[in-house]
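Asker: Take the sequence shown: its letters are residues 100 to 417, numbered as in this note's numbering. Mind looking over this structure? Questions follow.
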Amino acid sequence: MRYFLGVDGGGTKTQAVLVTEDGRLVSERTGGPTNILENGEEIFKENMEDILKPLLMKAKGEVISCLGIPAVGEFRDSERIISRIVESTVGLKPSLVVNDVVVGWASGTLGRDGIHIVSGTGAIVYGRHGGKETRVSGWGSIIGDEGSAYHIGVETLRVVSKQLDGRLEKTELCDFVFKKLNFKDHYDFIQWIYDPHSDRRSKIASVAVLTYEMAKKGDKFALEILERASEELACAVITAAKKLELSDPLVSCSGSVLVKNEIVRKKFEEIVKKSMNAKIVTAKLKPVLGGVILAMKHVLGDIPEAIIRRLEEANEMI
Numbered sequence: 100m101r102y103f104l105g106v107d108g109g110g111t112k113t114q115a116v117l118v119t120e121d122g123r124l125v126s127e128r129t130g131g132p133t134n135i136l137e138n139g140e141e142i143f144k145e146n147m148e149d150i151l152k153p154l155l156m157k158a159k160g161e162v163i164s165c166l167g168i169p170a171v172g173e174f175r176d177s178e179r180i181i182s183r184i185v186e187s188t189v190g191l192k193p194s195l196v197v198n199d200v201v202v203g204w205a206s207g208t209l210g211r212d213g214i215h216i217v218s219g220t221g222a223i224v225y226g227r228h229g230g231k232e233t234r235v236s237g238w239g240s241i242i243g244d245e246g247s248a249y250h251i252g253v254e255t256l257r258v259v260s261k262q263l264d265g266r267l268e269k270t271e272l273c274d275f276v277f278k279k280l281n282f283k284d285h286y287d288f289i290q291w292i293y294d295p296h297s298d299r300r301s302k303i304a305s306v307a308v309l310t311y312e313m314a315k316k317g318d319k320f321a322l323e324i325l326e327r328a329s330e331e332l333a334c335a336v337i338t339a340a341k342k343l344e345l346s347d348p349l350v351s352c353s354g355s356v357l358v359k360n361e362i363v364r365k366k367f368e369e370i371v372k373k374s375m376n377a378k379i380v381t382a383k384l385k386p387v388l389g390g391v392i393l394a395m396k397h398v399l400g401d402i403p404e405a406i407i408r409r410l411e412e413a414n415e416m417i
């Protein structure tokens, strides 16, 4: 029997699933981040081993795999290098290695023409139209990922710092952040941000939830931050559609910012639909099952509807 393995890597967590060739779920694992540029090779190897080894032990036949990993396509020979590291770590030579946005695209469009946007810890857009494909945004936490939870968190902490020293008028946002993160003074604030022993990217991304809470209460700075995030995300999608020459694209969304933050989602949809006749949906399947779809398409071509239905059932179980 053949098995299909899908992996959805991320800047905060990584999920993997193993299914049978007829689409039935065998097992699922969730572990730590696997962005080799942000987290380093050792953490990447450690987390991939923790996630993949238990799944591979459950496979009683050939494993066809698609790994959606952050940073693929962002450094030279990334696919080959990541494939080699995974093979040396867990003994599996991946069938496909793609950027994690590609498995998100497959989960949102079921492998059909369209555009997918991820806005979680990071942000990136990917689309296909016939034989053309494109990526927009996703330049990483230092110079890009505009509209992501990390970017929202950075902008929020920047406003808090200005409120602390008087460059901006003080609003409830500052006190709310201090209360929720248990800061007594600015020393705690600085230590929390610059602590070299913490996962700074994931930690700062978590601040986006606080920004959202304050925006719902009407804080003007929180609302401005989320409005700019919406504009950045919409700009990335519109740019991808133009590059692919899609005037009425299917646009699927995943990631906490666009799925759970209705302020960002509403503004994002308004901007995109003002520019083009887009159908905007939340991805029906979790991105990790997009990895399964790509692995299946790699050997089967078109996937039978019966298998898609079983993957939808698996989606409810993971």
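Cβ atoms here follow ideal geometry from the backbone N, Cα and C, with glycine treated the same way.
Compute the Euclidean distance between the alpha carbons of lysine 159 and arginine 123, then round it to the nearest angstrom.
Answerer: When rounded, the distance between both Cα atoms is 14 Å.
Asker: Answer with buried or exposed for glutamine 114, where buried requires no fewer than 16 other C-beta atoms within 10 angstroms of its C-beta.
Answerer: Buried, by the Cβ-count rule.
Asker: Quick one: using the 10 Å Cβ neighbour count with 16 as the cut-off for buried, is methionine 100 buried or exposed?
Answerer: exposed
Asker: Have a look at glycine 239 and valine 336 and give me their C-alpha separation to the nearest angstrom.
Answerer: 17 Å
Asker: Check whether the segment 201-221 and the segment 372-387 touch, using three or more Cβ-Cβ pairs below 8 Å as the test.
Answerer: yes
Asker: Let me make sure I understand the geometry here. Which of Val306, Gly167 and Arg327 has the alpha-carbon closest to that of isoleucine 362?
Answerer: Arg327
Asker: Any contact between the segment 348-366 and the segment 134-145? By contact I mean 3 or more CB pairs, one from each, below 8 Å.
Answerer: no
Asker: Taking 8 Å as the cut-off, does the segment 336-351 touch the segment 310-325 (at least 3 CB pairs, one atom from each stretch)?
Answerer: Verdict: no, contact absent.
Asker: So what does DSSP say about phenylalanine 282, is it helix, strand or coil?
Answerer: coil
Asker: Residues in its own chain within less than 8 Å of histidine 397 by CB, not counting five upstream and five downstream?
Answerer: Ile163, Cys165, Ser194 and Leu195
Asker: Would you kindly check if the distance between the Cβ of leucine 272 and the Cβ of methionine 313 is under 8 Å?
Answerer: yes
Asker: Can you tell me which of Glu415, Val197 and Ile142 puts its alpha carbon nearest to the alpha carbon of valine 106?
Answerer: Val197
Asker: Kindly list the residues whose CB is nearer than 6 Å to the CB of leucine 325, restricted to its own chain and excluding five residues on each side of it in sequence; keep chain order.
Answerer: Excluding positions up to five away in sequence, the list reads Ala314, Ile362 and Val363.
Asker: Mind reading off the beta-carbon distance from serine 247 to glycine 219? Whole number of angstroms is fine, and I expect it under 8 Å.
Answerer: That pair is a contact at about 7 Å.
Asker: Cβ atoms of glycine 108 and isoleucine 180: under 8 Å apart, would you say?
Answerer: no
Asker: Going residue by residue through the segment 339-364, where are the continuous beta strand (DSSP E) segments of at least 3 residues, counting only ones entirely within it?
Answerer: 349-353
Asker: Please return the same chain residues whose Cβ sits closer than 6 Å to the Cβ of glycine 76, not counting the five positions on each side in sequence.
Answerer: Past the edges of the chain, shown from 100 to 417, lies residue 76, and the structure says nothing about it.
Asker: To which residues of the same chain is phenylalanine 453 closer than 6 Å at the C-beta, ignoring the five residues directly before and after it?
Answerer: Coverage of the chain is limited to positions 100 through 417, which leaves residue 453 absent and any answer about it impossible.
Asker: Would you tell me roughly how many angstroms separate the C-alpha atoms of aspartate 347 and phenylalanine 277, rounded to the nearest one?
Answerer: 44 Å
Asker: Is it true that the CB of serine 305 sits closer than 8 Å to the CB of phenylalanine 367?
Answerer: No; because the gap between Cβ atoms is not below 8 Å, this pair is not in contact.
Asker: Just the Cα atoms here: how many angstroms apart are serine 177 and leucine 263?
Answerer: 42 Å
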